[in-house]
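These notes concern the structure reproduced below.
Residue numbers (my numbering): 370 to 619.
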């Protein structure tokens, strides 16, 4: 189904086929990611949706993920869409320093919903700083430490790197501490994915127990209400799901 959508509407299909949180993160990136002749790394690129977005706005985009199958699929979809200034590489972000010579330097790094899976988070941030050119920017999102448990979060926090979260989340203050230690200065702190998006995600997860495609399709028309999310979340003071930071290398 996703490939059919891609043929019909292009790369945005890779974004809207995800859940509401994926769409929220894309809206956040659209506000912040710089267009033009820049080199951008998407660290932990998943399906490659944000990597393709970076390429579509003129960046030379590189996606890195440990998932070889996802990288292969993303490469095929980029070819399908005629995106040439893009490549996907197999790699373990825990060993990013060992890839630095082949990767080169970047003007921008995207890292969405990844750091919470890695025990040595300080090393990851340090490796990002080493890959950035002076003045380069890091765009990072991760779960907010104070978010309410979602349906399907029953596993909790893992003590080993088995694909789950090794920490519940972060505060902006905790993230700033990680950044400051390696010469990254946070320029913008935001919250992403509020009450409405979270409840739509919960609904999709419930419906997907019966059929994942049906669950997605039934919730999709309700995404219109995401436009009201910031206002509603502010009024009822509902904790956001994620934090987003933009940091600049000094």
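In this text, a Cβ means the ideal position worked out from N, Cα and C, and glycines have one as well. Please read these numbers as outputs of a predicted model, since none were measured by experiment.
So the beta strand (DSSP E) residue i belongs to, where does it begin and stop?
i	result
residue 614	611-618
residue 530	From DSSP, residue 530 is part of no beta strand (DSSP E); its letter is neither H nor E.
residue 420	No beta strand (DSSP E) holds residue 420; the alpha helix (DSSP H) holding it covers 418-425.
residue 411	408-412
So, helix, strand or coil for residue i, using DSSP?
i	result
residue 402	coil
residue 502	strand
residue 431	strand
residue 536	coil
residue 393	helix
residue 520	coil
residue 557	strand
residue 511	strand
residue 526	coil
Pick out whichever of the options has its Cα sitting closest to the Cα of residue i.
i	options	result
residue 495	548, 374, 468, 596	548
residue 558	392, 604, 511, 569	511
residue 473	389, 430, 614	430
residue 565	383, 390, 376, 378	390
residue 492	464, 478, 468	464
residue 538	613, 607, 581, 504	613
residue 505	608, 403, 398	403
residue 530	478, 483, 375	483
residue 471	386, 451, 457	457
residue 469	436, 545, 513, 412	412
residue 597	563, 553, 401, 480	563
residue 602	388, 568, 589	568
residue 410	509, 553, 607	509
Could you give the residue range of the alpha helix (DSSP H) that holds residue i?
i	result
residue 574	564-577
residue 356	Nothing in the structure corresponds to residue 356, since the chain is present only between 370 and 619.
residue 601	598-605
residue 549	541-549
residue 383	381-385
To which residues of the same chain is residue i closer than 6 Å at the C-beta, ignoring the five residues directly before and after it?
i	result
residue 527	533, 535
For residue i, which residues in the same chain have their Cβ closer than 7 Å to its Cβ, ignoring the five residues on either side in sequence?
i	result
residue 584	573, 576, 577
residue 488	530, 535
residue 427	404, 405, 406
In chain order, what residues of the same chain have a beta carbon less than 8 Å from the beta carbon of residue i, not counting five sequence neighbours either side?
i	result
residue 387	416, 418
Original post:
Quick one: complete beta strand (DSSP E) runs, 3+ long, within the region 448-481?
Top reply: Taking only runs of at least 3 residues, the beta strand (DSSP E) segments lying wholly in the region 448-481 are 455-459, 475-481.
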